[in-house]
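A.B. asks:
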Amino acid sequence: MELKDKLVVITGVSKGIGRALVDQYLESGSTVVGLGRTEPKISNENFRFITCDVRSSSDVDAAFDKIKSEYNIPVSIMINNAGLGYFGFIEDYTDAQIHQLYETNVYSIFYTSRNVVPIMKENEYGHIINIASTAGIDAYPQVSAYCGTKFAVRAISESMYKEMRDYKIKVTCVYPGSVKTDFFRNSEGIDPHDYMLMPEDVATMIRQATQTPDNFHQVGLEVRPLQPKGPRKK
Ligand SMILES: NC(=O)c1ccc[n+]([C@@H]2O[C@H](COP(=O)([O-])OP(=O)(O)OC[C@H]3O[C@@H](n4cnc5c(N)ncnc54)[C@H](OP(=O)(O)O)[C@@H]3O)[C@@H](O)[C@H]2O)c1
Numbered sequence: 002m003e004l005k006d007k008l009v010v011i012t013g014v015s016k017g018i019g020r021a022l023v024d025q026y027l028e029s030g031s032t033v034v035g036l037g038r039t040e041p042k043i044s045n046e047n048f049r050f051i052t053c054d055v056r057s058s059s060d061v062d063a064a065f066d067k068i069k070s071e072y073n074i075p076v077s078i079m080i081n082n083a084g085l086g087y088f089g090f091i092e093d094y095t096d097a098q099i100h101q102l103y104e105t106n107v108y109s110i111f112y113t114s115r116n117v118v119p120i121m122k123e124n125e126y127g128h129i130i131n132i133a134s135t136a137g138i139d140a141y142p143q144v145s146a147y148c149g150t151k152f153a154v155r156a157i158s159e160s161m162y163k164e165m166r167d168y169k170i171k172v173t174c175v176y177p178g179s180v181k182t183d184f185f186r187n188s189e190g191i192d193p194h195d196y197m198l199m200p201e202d203v204a205t206m207i208r209q210a211t212q213t214p215d216n217f218h219q220v221g222l223e224v225r226p227l228q229p230k231g232p233r234k235k
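Numbering-wise (my numbering), the sequence shown opens with residue 2 and increments by one.
(1) DSSP three-state call for arginine 56: helix, strand or coil?
(2) Report the option in Glu28, Asp24, Phe50 whose CA atom is closest to the CA atom of glycine 35.
(3) Need the endpoints of the beta strand (DSSP E) that isoleucine 99 sits in, please.
(4) Report yes if the C-beta of alanine 83 is less than 7 Å from at least one heavy atom of ligand 1; otherwise report no.
(5) Mind reading off the beta-carbon distance from lysine 69 to serine 31? Whole number of angstroms is fine, and I expect it under 8 Å.
(6) Just reading off the alpha helix (DSSP H) that isoleucine 191 is part of, what are its end residues?
(7) Is it buried or exposed, glutamine 25, if we count other Cβ atoms within 10 angstroms and call 16 or more buried?
(8) If we call anything under 8 Å between Cβ atoms a contact, is histidine 128 one with serine 57?
(9) Who does leucine 198 pair with in a DSSP beta bridge?
(10) What does isoleucine 130 pair with, by DSSP beta-bridge criteria?
(11) Across which residues does DSSP place isoleucine 11 in a beta bridge pair?
(12) Which residue or residues does DSSP assign as beta-bridge partners of leucine 222?
(13) With hydrogens ignored, establish whether the beta-carbon of serine 179 is closer than 7 Å to any heavy atom of ligand 1.
(14) By DSSP's criteria, phenylalanine 50 is part of a beta bridge. Which residues make up the other side?
(15) Drop a sphere of 10 angstroms on the beta-carbon of leucine 227, count the other beta-carbons inside from all chains shown, and report buried for 16 or more, exposed for fewer.
(16) Compute the Euclidean distance between the alpha carbons of glycine 19 and threonine 205, then round it to the nearest angstrom.
Given below as structure tokens:
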């Protein structure tokens, strides 16, 4: 897809991968709308931030009402990036943590998709990116709640791509390993470090996936750091 003058919507743009994605699409000449709770400091006439907690379907619907009234072009790329993790033993998760994880990481995909998919189907054009995790491929101890959400994102994405490929809509699920962002703030014992993937590189991979030829569909993008614990001791 040619990115110039296309409308790109990204959730969770205050920092990390989402923020890096905003920069990449603005550099490519796209118009970017960020949906989130915390506004990033970006002064670019092609960027618009709409306050939106993606856990709330009414917030998401209201954000898309604004988008539809302010732009006379349809959303070409929808990136479901907003997400978070809580970690611990199964018996220790609180109700609030479980609800926040599933509402943010999983339910929000339904809320955004039902606002963009009907128009994408009508136009037979569009690309949806869902950011899962390698925790959506392999499960780990003390990561049950987060793994559950990301396995769900993987299943939802697979269903979506099979539903939509005949409408010429691409759906790509992204599976990053550890990325050096603020994501680990709720984890004990993992601090971001330079052997993790860099958010800018993950954003580049995603942006490039949205620039492939029309009949070239990357269904899943798994990416991991090469030496996750640093150089091998010789
Ligand atoms: N970092 C990793 O190692 C890693 C690996 C694999 C997958 N991922 C996934 O990549 C995505 C981005 O994570 P990241 O590493 O960039 O983390 P991050 O730096 O913590 O950024 C997360 C973003 O999501 C937003 N967000 C969280 N809850 C939200 C809500 N209810 N409504 C709107 N926005 C919300 C945050 O906004 P606020 O500033 O308002 O909180 C923030 O902008 C997530 O889906 C995560 O699961 C991350």
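Where is the CB? At the ideal position from N, CA and C, for every residue including glycine.
C.D. replies: Concretely, from the data shown:
(1) Here the question's residue 56 lines up with position 55 in the sequence shown. Coil at arginine 56, not helix or strand.
(2) Indexing the sequence shown from 1 puts residue 35 at position 34. Closest by alpha carbon: Phe50.
(3) Numbered from 1 along the sequence shown, position 98 holds the residue referred to as residue 99. Going by DSSP, isoleucine 99 is part of no beta strand (DSSP E) but of the alpha helix (DSSP H) stretching over 96–103.
(4) Here the question's residue 83 lines up with position 82 in the sequence shown. It does: the Cβ of alanine 83 is within 7 Å (strictly closer) of some heavy atom of ligand 1.
(5) Here residue 69 is taken as the residue at index 68 of the sequence shown, counted from 1. Here residue 31 is taken as the residue at index 30 of the sequence shown, counted from 1. Not really, about 17 Å apart at Cβ, beyond 8 Å.
(6) What you label residue 191 is simply residue 190 of the sequence shown in a count that begins at 1. Here isoleucine 191 belongs to no alpha helix (DSSP H), and DSSP marks it neither H nor E.
(7) Taking the first residue of the sequence shown as 1, we reach residue 25 at position 24. With 16 or more other Cβ atoms within 10 Å, it is buried.
(8) Residue mapping note: residue 128 aligns to position 127 of the sequence shown, counting from 1. Residue mapping note: residue 57 aligns to position 56 of the sequence shown, counting from 1. No.
(9) Here the question's residue 198 lines up with position 197 in the sequence shown. Partner(s): Val180.
(10) On the sequence shown, residue 130 is found 129 positions in, with the first residue counted as 1. Its beta-bridge partners are Ile80, Thr173.
(11) Looking up residue 11 in the sequence shown gives position 10. DSSP output for isoleucine 11 lists Gly35, Ile80 as bridge partner(s).
(12) Here the question's residue 222 lines up with position 221 in the sequence shown. According to DSSP, leucine 222 bridges with Val175.
(13) Working through the sequence shown from its first residue, we reach residue 179 at position 178. Checking every heavy atom of ligand 1 against the Cβ of serine 179, one is found closer than 7 Å.
(14) For this step, residue 50 is matched to residue 49 along the sequence shown. Answer is Gly35, bridged to phenylalanine 50.
(15) In the sequence shown, residue 227 corresponds to position 226, counting from 1. It is exposed - the Cβ of leucine 227 has fewer than 16 other Cβ atoms within 10 Å.
(16) Locating residue 19 in the sequence shown gives position 18, counting from the first residue. Locating residue 205 in the sequence shown gives position 204, counting from the first residue. Within the model, the alpha-carbon separation for glycine 19 versus threonine 205 is close to 11 Å.
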